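Residue numbers (our numbering): 1 to 175.
What follows is the structure, encoded as structure tokens:
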């Protein structure tokens, strides 16, 4: 610095600053650990991942389009055929989840129509309301009183009792 510098504005720099580019004959242990990790873990995993991605890109598989085969209903299973009963139970659970999603979709459509139409939704969304009522009636007639532990057998018994009641009503109306 020149002789005419202002000490208040530019204070004198410290005389003993550490050397940033310190050269030593010993290698840096952090750099050794970093290189060791890179070549033993990161590089093989990255190469394997890239290889798997190349394999997958040639064989695209869309798992969400999986189609399950229909299995026999619980009424078609033999009494001692537990495997058939298990498959029918799993099929019933899938059908239950599908029916739940159908109700949700129809309900979303009805709500969107109500939001879109405002106060006149009863007139303008009559088709959606009627469809929602039919879907809810069918869903409730099948799953309403099953409770949290509903299964295919309980649903089948409920259907049987409903059919018996309908036959009794038809018989009393004919007499």
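All C-beta atoms, glycine included, are put in the ideal place defined by N, C-alpha and C. Computed from a prediction, not measured in an experiment: that's the story for all the values here.
Candidates the options: which alpha carbon is nearest residue i's?
i: residue 140; options: 102, 26, 118, 7; result: 102
i: residue 74; options: 92, 150, 60; result: 92
i: residue 125; options: 134, 113, 153; result: 113
i: residue 155; options: 28, 142, 27, 115; result: 142
i: residue 138; options: 162, 172, 123; result: 162
i: residue 149; options: 6, 30, 89; result: 89
With residue i as the anchor, note down where its alpha helix (DSSP H) starts and where it stops.
i: residue 46; result: 43-58
i: residue 34; result: 29-37
i: residue 156; result: 152-174
i: residue 25; result: No alpha helix (DSSP H) holds residue 25; DSSP gives it neither H nor E.
i: residue 95; result: 82-117
i: residue 10; result: Premise fails: residue 10 is in no alpha helix (DSSP H) and is neither H nor E.
i: residue 132; result: 126-143
Quick one: what's got a C-beta closer than 6 Å to residue i's C-beta in the same chain, skipping five residues either side?
i: residue 132; result: 106, 110
Given residue i, which residues of its chain have a CB within under 7 Å of its CB, disregarding the five upstream and five downstream residues?
i: residue 87; result: 71
i: residue 128; result: 109, 110, 113
i: residue 121; result: 113, 114
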